[in-house]
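Let me begin by presenting the structure, written as structure tokens, before commenting on it.
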Amino acid sequence: MDRISIIKPDDWHVHLRDKDALETTVPAAIRCFERCIIMPNLSPPVTSAELIKRYRDSILKYKPSNSKWTPLMVMYLTDHTSIKCIRTAFDQGLIFGCKYYPAGATTNSASGVTNLNGLDAVFNVMQELGITLQIHGEVTDSSVDIFDREKIFIDRHLTQIKHRFPELKIVFEHVTTKQGVEFVRDSDKYIAATITPQHLLFNRNDMLVGGIRPHLFCLPILKRDLHQNALIKAATSGEKKFFLGTDSAPHSREDKENICGCAGCFSHHAAIELYAEAFERAGALHRLEQFASKNGAEFYGLKTNSEFISLLRDPWRVPDQIDYRDSYLVPLGAGLTLNWRLET
Ligand code: NCD
Ligand code: ZN
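FYI, this note's numbering numbers position 71 of the sequence shown as 823, with every residue one higher than the one before it.
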């Protein structure tokens, strides 16, 4: 098989950044996706209808007029998010969800939530209006080992949120552990999860053995291979609760190769090719369409896209770097040979 065609995919989790970064990130997002959920962790974060509108307009300036690509915006939750704030954004058709970052968990999350219980009223109104909660599922307690942050988040927080708001739609973003996969699988139809290409293709050995590879550092951090295998199984099994969310998150080369390097991997240069690689290795290329183009749309109550994309078996080498702002970034898989190439 040298050519496969699938329904055009969507990316249910991406960071486009703002200002001049959009010159790189918007064309990369349009390359193979029809719809993208745009994460709101700018500095300052996107916390109101007004800021969402402004951010969406700045993104749309980079969209060619003949493109059908659609950015789907989400609101960044803080300790001060009010019901009014949510209702205003919802009434104006501006939000596709609300993102919960535990304060301090990851890049630009300092304004995130410090007290989950303080959000009861917000979760209530989201449940009532059918607004999805996108969760960064990690605790930030400094006594918790970084490799256990996700598991402990499930035990301490997610179980409770699920119990108290049983019909709140939740996406467990970038799930990285066996426990996360099992929690989602064993739960009801109101919860699903996104899976990134880096967590399918790599594990912590790839990041740490023989030297530290800062371009594989992202949050939640890569885990050991048993977790990677659980994610591969979930993504390639055809189960409807798991779908594509790249978490593509650009940082300049100097910010990554730094004494305190930033978390985040940029994968939008070759997003679908990277997933195709992971699916082929698992002998499950025939399931790529379900994961990349069907499951997410179904969870969010949208139609699948009407166009198709094709991938050709035509091995190519991922470039070492890509222009980004006034510098460069090192893309995920730099230097590796990928088997599949998007037909343009
Ligand atoms: C993301 C970023 O850089 O914005 N980084 C990351 O490691 N994934 C933030 C996030 O999604 O956690
Ligand atoms: Zn992210």
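Think of the CB as a built atom: it goes at the ideal place given N, C-alpha and C, for glycine as much as any other residue.
Quantities reported herein were computed from a predicted structural model and do not represent experimental measurements.
Judged by their CB atoms, I964 and K760 are not nearer to each other than the 9 angstroms cut-off. Under the 10 Å beta carbon count, Q912 is surrounded by fewer than 16 other beta carbons and is classified as exposed. For R1093, no alpha helix (DSSP H) encloses it; the enclosing beta strand (DSSP E) starts and ends at 1089–1094. Distances from the CB of E1025 to the heavy atoms of ligand 1 are all 8 angstroms or more. S1004 is not a Cβ neighbour of Y942, given a cutoff of 9 angstroms. Beta-bridge pairing by DSSP links M827 to C850. A residue is called buried once 16 or more other Cβ atoms fall within 10 Å of its Cβ, and H915, having fewer, is exposed.
Within the same chain, F785, E786, R787, G1048 come within 6 angstroms of D762 by CB-CB distance, once the 5 residues on both sides are set aside. Following the DSSP letters along the chain, one finds S810 in no beta strand (DSSP E) but inside the alpha helix (DSSP H) bounded by residues 801–812. Counting along the chain, P1067 sits inside no alpha helix (DSSP H); it lies in the beta strand (DSSP E) bounded by residues 1060–1069.
By the neighbour-count definition (other C-beta atoms within 10 Å, threshold 16), I898 is an exposed residue.
For the pair F842 and L881, the CB atoms are nearer than the 9 angstroms cut-off. For C837, there is no enclosing beta strand (DSSP E); the enclosing alpha helix (DSSP H) has its first and last residue at 835–843.
Beyond the five residues adjoining it in sequence on each side, Q879 comes within less than 6 angstroms, by CB distance, of F917, E919, L920 in the same chain, given in chain order. The criterion of a C-beta distance shorter than 9 angstroms is satisfied by T859 and H767. No residue range can be given for D900, since it is assigned to no beta strand (DSSP E) and is classified by DSSP as neither H nor E. Going by C-alpha positions, A801 is about 7 angstroms away from T840. Per DSSP, reduced to three states, the secondary structure at T884 is coil, with no helix or strand assignment. In the DSSP assignment, T946 falls within the beta strand (DSSP E) that extends over 943–947. Under DSSP, the beta-bridge partners assigned to Y1076 are S1079. D1007 carries a helical assignment under DSSP once its states are collapsed to helix, strand and coil.
Checking the DSSP bridge columns, you'll see R755 partnered with L1064. According to the DSSP secondary-structure assignment, T822 is paired through a beta bridge with R787.
Put simply, the backbone Cα of A1022 is about 37 angstroms away from that of V874. Cα atoms of I1011 and L978: separation of roughly 30 angstroms, rounded to the nearest angstrom. Only buried fits R901, as 16 or more other CB atoms lie within 10 angstroms of its CB.
DSSP, reduced to helix, strand and coil, places S1000 within a strand of the structure shown. At a threshold of 8 angstroms, M827 does not count as near ligand 2, since its beta carbon sits no closer than that to any of the ligand's heavy atoms.
In the DSSP assignment, the residues bridged to I922 are L885, I943. Nearest C-alpha to L1094 among Y853, R908, E1029: E1029.
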